[in-house]
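Only one structure is covered here, and it is reproduced in the block below.
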Amino acid sequence: MKHPINAITLAYILVFVTHLSFGQETAKCDQSIFKDTLLDKLTGQWVASGTVGSDKVVYNFFVQWVLNHQFLEMDFADTAATPEYTAKVFVGYDCKKDKYIVHWIDNFGGAFSETLGYGTRNIQSIEMLFE
């Protein structure tokens, strides 16, 4: 025996299924706090060395979670007595777009700090690109 589904029953089913799908999305994408096991490993004090152009450089880093654990702040400066270069880098994550967002602010001022970086994760690395 067939049981016809009336419009009201169908509407309830659709609302219930839609509600479940939004609930599942919310569980996967919680923007109230940014947790990242890879970035957690960067917190603390660091010394980094390398080459910028043809110049060898050494930087002191201090890395911590800030702003209600929404951003990882990387505060760094070169090792000169009076640093010639200082910067603050904030790494956040847009879980709806599944990409990292990077704000790079340094002592060269606004004209050089207006570019945002975007990143994607590959297992144990994050590739950052700046536009």
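918 is the number of the first residue of the sequence shown in my numbering; add one for each residue after it. The beta-carbon is built from N, C-alpha and C at its ideal position, and this holds for glycine as well.
Buried or exposed for residue i, please, with buried defined as at least 16 other CB atoms from any protein chain shown within 10 angstroms of its CB.
i	result
residue 980	buried
residue 975	exposed
residue 1008	buried
residue 951	buried
residue 988	buried
residue 1039	exposed
Could you tell me which residues DSSP pairs with residue i in its beta bridges?
i	result
residue 1004	993 and 1023
residue 1044	1037
residue 1011	1016
residue 988	983
Suppose you measure from the CA of residue i to the CA of residue j; what does that come to, to the nearest Å?
i	j	result
residue 1045	residue 970	19 Å
residue 1023	residue 1005	6 Å
residue 1033	residue 993	18 Å
residue 1019	residue 997	26 Å
residue 984	residue 990	9 Å
residue 957	residue 1027	29 Å
residue 1014	residue 1025	30 Å
residue 982	residue 946	19 Å
residue 1003	residue 1035	21 Å
residue 1016	residue 1030	20 Å
residue 1010	residue 1037	10 Å
residue 995	residue 962	14 Å
So residue i is in the beta strand (DSSP E); what residue range does that whole segment cover?
i	result
residue 972	972-983
residue 968	961-969
Since residue i is in the alpha helix (DSSP H), which residue starts that stretch and which ends it?
i	result
residue 954	954-957
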